[in-house]
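This note's numbering puts the first residue of the sequence shown at 226, with every later residue one more than the last.
C-beta atoms are modelled at their ideal positions from N, C-alpha and C, and glycine is treated no differently.
Since we're looking at a predicted model, the values are computed, not measured.
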Amino acid sequence: MSNIVEERVRWTTSDLMLLPDNGLRYEIIDGELLVSKSPHWHHQTTCGEIYSALSVWSRQSNLGRASLSPGIIFGDEDNVVPDVVWASHQRLAVLMDSAGHLTGAPELVVEVLSLGAENERRDCEAKLKLYAARGVQEYWIVDWRLQQVEIHRREKATLRLVATLLADDELTSPLLPTFAAPVRQFFV
């Protein structure tokens, strides 16, 4: 009987610098390289609508800032690019490095599902676990095909599904006082 030991390559943030700038999105979760193609048109417009709603509210409330596709470098083996994030001014001042990347968890992360089972598994499982472990307070998983938003909120040390909102529902959050948006507006 032979003992086969399988060693997998552990990718790091510095390895990303060696990859080509070819229109693909490269992310690392727990040392595993994840590659995805440019997203679908509806994926991108959904991201834009969510960002727009959060940005308008942020300017009115002056509580923080929203961003589209920021880099988050949690560590050498966890480097991701979520679709939309929101961070309070206080947290943003601590998290942003000189290169303009976040180095820790913003309060809110939004991922819009990309086509394909592997992409959905990445957002619904791997990223959910990563964001929970790193301290994200709220995580929205948005499905533009079904026109729904899953809301995961921090309970103790994890992110728990607290609601699945459909197009006719209104999205509010204790994290974002006075923020209210009809879910339908994200899917124009």
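Quiz prompt | Where P331 falls, given that 16 or more other Cβ within 10 Å makes a residue buried | solution = P331 comes out buried.
Quiz prompt | According to DSSP, residues forming a beta bridge with T397 | solution = In the DSSP secondary-structure assignment, T397 is bridged to A405.
Quiz item: Distance, Cα to Cα, E252 vs Y276?
Solution: Going by the C-alpha atoms only, they are around 21 Å apart.
Quiz prompt | Of the listed residues W365, S283 and W236, nearest to R379 (C-alpha basis) | solution = Answer by Cα proximity: W365.
Exercise. Please confirm if the stretch 313 to 329 is in contact with the stretch 233 to 241, defined as three or more CB-CB distances below 8 Å between the two stretches.
Key: At 8 Å Cβ cutoff, the stretches do not touch.
Quiz prompt | Element boundaries [beta strand (DSSP E), containing R290] | solution = Looking at the DSSP string, the run of the beta strand (DSSP E) that includes R290 is G289 to L293.
Exercise. Assuming Q362 and F412 form a contact by the criterion Cβ under 8 Å, report the distance between their Cβ atoms to the nearest whole angstrom.
Key: Going by Cβ atoms, the distance from Q362 to F412 rounds to 25 Å, so no, they are not a contact pair.
Practice problem: Just the C-alpha distance for V387 and H377, rounded to the nearest angstrom, thanks. | Solution: Going by the C-alpha atoms only, they are around 6 Å apart.
Quiz item: Could you check where the alpha helix (DSSP H) with E343 kicks off and where it finishes?
Solution: First-last of the alpha helix (DSSP H) with E343: A342 to R346.
Quiz item: Per DSSP, what kind of secondary structure is A388 in: helix, strand or coil?
Solution: A388 falls in the strand class under three-state DSSP.
Quiz prompt | D303 versus S283: straight-line alpha-carbon distance, rounded | solution = In a straight line, the C-alpha of D303 is about 28 Å away from that of S283.
Self-check item: Beta-carbon gap between G289 and G329 smaller than 9 Å
Solution: The answer is no: Cβ separation not under 9 Å.
Practice problem: Put W311 into one of helix, strand or coil per three-state DSSP. | Solution: Of the three classes helix, strand and coil, the one that applies to W311 here is strand, per DSSP.
Practice problem: Just the C-alpha distance for I298 and A392, rounded to the nearest angstrom, thanks. | Solution: Distance between the alpha carbons of I298 and A392: 33 Å.
Self-check item: Nearest neighbour of Q269, chosen from L340, L400 and A357 [CA to CA]
Solution: Residue L340 is the option with its Cα nearest to Q269.
Practice problem: Classify V306 as helix, strand or coil using the three-state DSSP reduction. | Solution: Coil.
Practice problem: Could you name the residues of the same chain whose beta carbon sits closer than 6 Å to that of H314, not counting the 5 residues immediately before and after it, in chain order? | Solution: G289, listed in sequence order.
Exercise. Excluding the 5 residues preceding and the 5 following M321 in the sequence, name in chain order all residues of the same chain whose CB lies nearer than 7 Å to its CB.
Key: Counting only Cβ-Cβ distances below 7 Å, and skipping sequence neighbours, we find L327.
Exercise. Determine which residues share a DSSP beta bridge with V260 and list them.
Key: Looking at the DSSP output, V260 bridges to Y251.
Quiz item: Exposed or buried, what is L338 when buried is set at 16 or more other beta-carbons lying within 10 Å of its beta-carbon?
Solution: Counting Cβ neighbours within 10 Å, L338 comes out buried, since at least 16 surround it.
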